[in-house]
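Visitor: Next up is a structure, given as structure tokens.
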Amino acid sequence: MSRDYVDEILQLWNKEIGNKFPMRKQLLLQNTFENVNVFLEGSWIALEEKTGKVVGCIVSRVWKENLDCIKENKSIGHIHFLLIDSEYRKKGIRTQILLKTEDALKKKEIKTIILGQDPWHYFPGISLEFKETQEWFKKKDI
């Protein structure tokens with residue numbers, strides 16, 4: 001997960017969901033690349049093989065700060081966001097990067113993985129507007 005891709009991730013975000021949830025570069029930097037709780041080992045960027053174009057991204061978090069309100073949640077990992085370019089969906093990319101993230105979280109001894117709901121999240125979970133995404137995650141049992 002490299003900050004070098006911030007502009008491409010921002011472009012992908014605004015292409016796919018920016019009409020309902022616009023993203024600014026500063027917010028993406030702050031909540032994704034500068035946040036100490038981002039779990040880099042469990043965050044991935046999917047690149048198109050031939051062009052190197054960013055076609056997907058998943059960011060996970062585990063709590064690293066010592067705040068009294070969070071201490072009980074150290075065994076919880078969060079999927080901060082998962083985004084796949086609509087032109088590259090149904091090719092297994094979403095499943096691949098989710099499995100890599102789950103694997104990394106398990107190696108970190110995370111017992112529970114939650115969609116969103118982390119402090120300073122972009123979304124509290126999956127927006128009701130994204131029915132296909134809700135169904136996909138239900139099948140994955142997350």
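Per full-length UniProt numbering, residue 1 is the first one in the sequence shown, and the count goes up by one each step.
Beta carbons: idealized from backbone N, C-alpha and C, even for Gly.
Between the segment 13 to 25 and the segment 36 to 43, are three or more C-beta pairs nearer than 8 angstroms?
Guide: no
Visitor: For the beta strand (DSSP E) holding residue 112, just list the boundary residues, first then last.
Guide: Per DSSP, residue 112 belongs to the beta strand (DSSP E) from 112 to 115.
Visitor: Should residue 76 and residue 110 be called a contact, given that it needs their Cβ atoms to be closer than 8 angstroms?
Guide: yes
Visitor: Compute the beta-carbon to beta-carbon distance between residue 10 and residue 23, rounded to the nearest angstrom, for a pair I have assumed lies under 8 angstroms.
Guide: 6 angstroms
Visitor: To which residues of the same chain is residue 102 closer than 7 angstroms at the C-beta, ignoring the five residues directly before and after it?
Guide: 113
Visitor: Please go through the same chain and pick out, in chain order, the residues whose beta-carbon is closer than 7 angstroms to the beta-carbon of residue 86, but skip the five residues on each side of it.
Guide: 16
Visitor: Please say whether residue 52 and residue 93 have beta carbons closer to each other than 8 angstroms?
Guide: no
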